[in-house]
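Accompanying notes for the structure given below.
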Amino acid sequence: MASTSRWAGLGALAVFLAVLPQVLPNNYYVDVAVLAGFNAIVCVGLNLLIGYAGQISLGHAGFFGLGAYSSAILVTHYGWPPLAALLAGALLVGLLAFAIARPILKLKGHYLAMATLGIGIIISIIINTEAQITGGPDGIAAGNFTLGGFELKGERAWYWVIAVLLLVTVWLATNLVDSPVGRALRALHGSEVGAEVVGVDTTRYKVLVFVVSAVIASIAGSLFAHYTSQLTPTKADFFKSIELVTMVVFGGMASTFGALVGAAFLTMLPQVLTVFEDYEPIILGGIMMGTMIFMPRGLVPTISAFLTRRRS
Amino acid sequence: MTTKSLKILASAAAVAFTATIGAAQAAEPIKIGAFLSATGPASFLGDPEKKVLEKYVAEFNKAGGVLGRQIELTLYDDAGAADKASSFVKRLIENDKVDVIVGGSTTGATMAAVPLVEAAGIPFISLAGAVVIVEPVKKWVFKTPHTDRMAAEKIFSDMKKKGITKYAMISENAGFGKSGHDETLKVQANYGMTLVADETYAPKDPDVTAQLTKIKNTAGVQAVINWGFGQSPAVVTKNYKQLGIAAPLYQSHGVASKDYIKLAGDAAEGVRLPAAGLVVANQLANSDMQKAVVVKFQKEYQADFKAEASTFAGHAYDGLQIALTAIQRAGGTDKAKVRDEIEKTQGYIGTGGTVHMSPTDHMGLNLSAFHMVEIKKGDFVLSD
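From first to last, the protein sequence lines are chains A and B.
In this text, residue positions in the first sequence follow the working numbering: the first is 12, and each later residue adds one.
In this text, residue positions in the second sequence follow the working numbering: the first is -4, and each later residue adds one.
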């Protein structure tokens, strides 16, 4: 049952992603869709950690930024091929995440949130101050993504790359959730003590899922560095981390499709609300508060629960 | 079935027909796009710029528009973030299909927009300071404010007059401050200047006493230059006074607004800076061609917004004027023609100075556009 619904969800997403560019009137909309895609990839990874392992990371923008800047710096200063730079960035972030997670996750409670908060801020400060290599607050341009003789250029070409990557990420995430690892994670989320009693090595699973989600963020970051014309430190700062957590919570924790919807919704909302000019932050805040008060479980779980209730 | 589709076809044709008639009657508006840092840390730049663009577009429209066409302004707030600026520029180009873009309050936002406007071929007049925007020259990119390099040159020529040869520098380690710092080093040799102390700080540092103490204890410092904008120059000025450093303090044109004097208070007394004629409008000589323009602008701005116009407000005014006169001369909104006309701007007297653009100079201002100004009793006083 779980497996058929998984394939159905993935199929629906694939169809949606395939049809979407046909109805988007111009490249500006495609650009917003691509940005939503980047956020969605990071959020699906982050949701594994928040929704299933019950741990909060307040430094995921730091991992995203580290991946992005690894790519930008290795490509522009050292002439690495983009793919090699991407892999190097992912490896670096994976090792870093492992190094932080291993000692900290042995502790109980929200120590990981504190540690990631610290790491995220340190990464952001380094990017801001080491201007000789990172370009400082003015940013750095990583150039186009090239592989062999092929150059990735233009919003529509990027759209397909991000769409495929998003599908792969969702496939990985849903697979992981429905595997023994996923069941262990959910047990852990429910009750850490309970999970340990039945023989789940909680630390190991928490570390695993943390590293996986950090690496996903890093890969998305590396690609983003090539997509954007100018990579700036705002993409790696604390507020971006909060934004990512908000997307996951808003869309619905412990729901991969919730993370997708949250990312897409919160990427589009500021663009839609520009018509309200000065009132934009108030309306944005109002919508989010309203959702949290009336749908505390997030958008997608609340709506799907409502639909199942209606049906029965 | 066929009758139904025929009906649809007929009504579609009717709609299309009336649409063409409509278009012919009221000419399509001229679309000007803008992205400004109206909120956020750079709002002291973007907020007056926004007010000025909205005010003067409305006034042009009241007077019948340009070439008999109304002007439509599409304005987005990038909150000082380069990535937001980049997505708004895409929106202006792709979705709003603007004819010309005036905006980019900060150098970061402007540089994020440059590759996009270059690729799309849309004339773009930036309102940001750094020299990298127009050097090397980019086909579609122009700018109205004076560059940091010019400010450094103006400060050095003032120092030279006073017989100063050794100076210290304290600058923000980011954006405008960093660019100003680098440009100062590039031109110092031309004026026979030597840097004896070089300190930096982060834009949000609440105190720079440590850095200034180092400068104070360095032998031979005859003057100090501070590069930064927003809050930080005021912090430097206050600390400078507290430490009782005797050497004159030079600020950049980045502080040429009354807000700086308000923030720094009495400590600002005696600070010297290069600034456009706008901040000393009434003190300019009557023979100065710029006087009439800046006095009029200052008066109109004060009447509407009950505050003195900063030079940043002036940059937006100049940008809009240059764009609209170019459209007028081009006789339409053909982008290539408008670009050529902007490049041919000759002798336009704006709030920033007299503009002479050329294929090798997309700013068109020279050092004569700058005045040396000293702060006396809480006001800018002309001093050259």
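Beta carbons are placed, not taken as given, at the ideal position from N, Cα and C, and that holds for glycine.
query                                                                                                                   : result
Beta bridge counterpart(s) of F75 of chain A as assigned by DSSP                                                        : In DSSP, F75 of chain A forms no bridge with anything.
Interface residues of the segment 15 to 45 of chain A facing chain B [CB-CB below 9 Å]                                  : P36, N37, N38, Y39, Y40, V41, D42 and V43
Reduced DSSP category for N221 of chain B - H, G, I as helix; E, B as strand; rest coil                                 : strand
Interface residues of chain B facing T5 of chain A [CB-CB closer than 8 Å]                                              : Beyond the ends of chain A as shown, which are 12 and 323, falls residue 5 of chain A; an answer cannot be given.
Run of the beta strand (DSSP E) containing R267 of chain B, from where it starts to where it stops                      : R267 to A271
Host beta strand (DSSP E) of F30 of chain B (start-end)                                                                 : I25 to L31
Partner residues on chain A for Y71 of chain B, Cβ-Cβ distance less than 7 Å                                            : T285
Pick from A:E141, A:A265 and A:E291 that is closest to D418 of chain B, judged by C-alpha positions                     : Residue 418 of chain B is absent from the structure shown; chain B starts at -4 and stops at 379.
S409 of chain B: first and last residue of the uninterrupted alpha helix (DSSP H) it sits in                            : Residue 409 of chain B lies beyond the range of chain B shown here (-4 to 379); nothing can be said about it.
Counterpart residues of K161 of chain B in DSSP-defined beta bridges                                                    : B:T189
Option in A:T257, A:W169 and A:G297 with minimal Cα separation from A308 of chain A                                     : Residue 308 of chain A is actually Arg in this sequence, not Ala. Closest option to R308 of chain A, Cα to Cα, is A:T257.
Near-chain A residues of the segment 116 to 146 of chain B - C-beta to any C-beta below 7 Å                             : none
Spatial distance of A287 of chain B from A321 of chain B (CA atoms)                                                     : 22 Å
Close beta carbons around T102 of chain B, own chain, < 8 Å, minus the five adjacent residues each side                 : A123, G124, A125, V127, I128, G170, F171 and S174
C-alpha distance - A64 of chain A paired with L199 of chain A, whole-angstrom precision                                 : 6 Å
Chain A contact for A107 of chain B (CB, 7 Å cutoff)                                                                    : yes
6 Å CB neighbourhood of A14 of chain B in its chain, flanking five on each side removed                                 : Here A14 of chain B scores only 47 on pLDDT, less than 50, and its place in the model is too uncertain to base an answer on.
N-terminal and C-terminal residue of the alpha helix (DSSP H) that S82 of chain B is part of                            : A77 to K85
CA-to-CA distance, Q293 of chain B to T306 of chain B, given in whole angstroms                                         : 10 Å
Bounding residues of the beta strand (DSSP E) (the contiguous stretch that carries F137 of chain B)                     : V136 to K138
Exposure of N38 of chain A, with buried meaning 16 or more beta-carbon neighbours within 10 Å                           : buried
Interface residues of the segment 232 to 244 of chain A facing chain B [CB-CB below 9 Å]                                : T239, S240, Q241, L242 and T243
Bounding residues of the alpha helix (DSSP H) (the contiguous stretch that carries D153 of chain B)                     : D143 to K156
Which listed residue (A:T313, A:G301 and A:S266) has its alpha carbon closest to that of R17 of chain A                 : A:S266
Simplified DSSP assignment, three categories, for E303 of chain B                                                       : coil
The segment 223 to 234 of chain A in contact with the segment 86 to 100 of chain A per 3-pair CB rule at 8 Å            : yes
Where M299 of chain A sits in the DSSP three-state scheme                                                               : helix
Presumed contact (8 Å Cβ cut-off) between I370 of chain B and V266 of chain B, rounded CB distance                      : 5 Å
T349 of chain B beta carbon less than 7 Å from that of I317 of chain B                                                  : no
Residues that G170 of chain B contacts on chain A, provided the C-beta gap is smaller than 7 Å                          : P148 and D149
Beta carbon of P118 of chain B nearer than 7 Å to that of R334 of chain B                                               : yes
Pairwise C-alpha distance: G273 of chain A and T313 of chain A                                                          : 13 Å
Cβ of S81 of chain B within 7 Å of any chain A Cβ                                                                       : yes
Other residues of its chain near A19 of chain A: CB distance less than 7 Å, five sequence neighbours each side excluded : none
Nearest residue (CA-CA) to L106 of chain A, options A:L277, A:V175, A:S229 and A:A83                                    : A:S229
Below-7 Å beta-carbon distance, K85 of chain B vs any chain A residue                                                   : yes
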